[in-house]
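Participant: My questions will all concern the structure given below.
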Amino acid sequence: MPQNRIQLIIGQHRFTAKLADNPAAAELKALLPLQLTMQDLHRNEKYAALPHSLPSQNQPVGRIEIGDVMLYQGDTLVIFYENFTTPYSYTRLAKIQQPAQLKATLGKGTVDVMLVE
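Per the UniProt record's numbering, residue 1 is the first one in the sequence shown, and the count goes up by one each step.
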């Protein structure tokens, strides 16, 4: 696996994500392996609290794309499974490379996600 990539394991599915080039993404990678139980919010994202805060560089993103992996308020990891516009600010962590099956794989309600190198 290239240094700037991580794997997200959801059930029997593996997704590869390209890490952003920033301190938050580097620190996230240093936490791996990381198991998160993620909750659904607004039927467009899954989120979970991280073990500790990461360095944030929040910026208004304007538009969220399927497969965006973001840091919210320094300590919450968010995986987006819908495209939409947003007024919120995030720190980019990663982008899932082939997210076509992401929504179906994440399902409804809570889901366990394992992040590994």
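Note that beta-carbon positions come from the ideal geometry of N, C-alpha and C, so glycine has one too.
1) With distances taken Cα to Cα, identify the nearest neighbour of G109 among V69, D68, N44.
2) Based on the DSSP secondary-structure assignment, which residues constitute the bridge partners of D40?
3) Express the C-alpha separation of A30 and N22 in angstroms, rounding to a whole number.
4) Since V111 and I9 should fall inside the 8 Å C-beta cutoff, what is the C-beta to C-beta distance between them, to a whole number of angstroms?
5) If A20 and R92 are in contact, beta carbons under 8 Å, what's the gap, nearest whole angstrom?
6) Check for me: the beta strand (DSSP E) holding T108 runs from which residue to which?
7) Residues in the same chain with beta-carbon distance under 8 Å from K18, minus the five sequence neighbours each way, listed in chain order, please.
8) Take the Cβ of G107 as the centre, count every other Cβ of all protein chains shown within 10 Å, and call the residue buried at 16 or more, exposed below.
9) Out of H42, A48, S56, state which residue places its alpha-carbon closest to the alpha-carbon of Q35.
10) Flag R63 as yes if its beta-carbon sits less than 8 Å from any beta-carbon of chain C, otherwise no.
11) The ligand SAM and P33: does the residue's C-beta get closer than 7 Å to at least one heavy atom of that ligand?
Facilitator: Looking at the coordinates:
1) N44
2) K46
3) 13 Å
4) Their Cβ separation, rounded to whole angstroms, is 11 Å, which puts V111 and I9 out of contact at 8 Å.
5) The pair is a contact, with the Cβ atoms about 4 Å apart (cut-off 8 Å).
6) In the sequence under discussion, the amino acid at residue 108 is Lys, which differs from the Thr named in the question. Careful: K108 lies outside any beta strand (DSSP E) and carries neither H nor E.
7) N4, R5, A94, K95, Q97
8) exposed
9) A48
10) Judged by its chain identifiers, the structure shown contains no chain C, having just a single protein chain.
11) Among the components modelled here there is no ligand, and therefore nothing to report on the ligand SAM.
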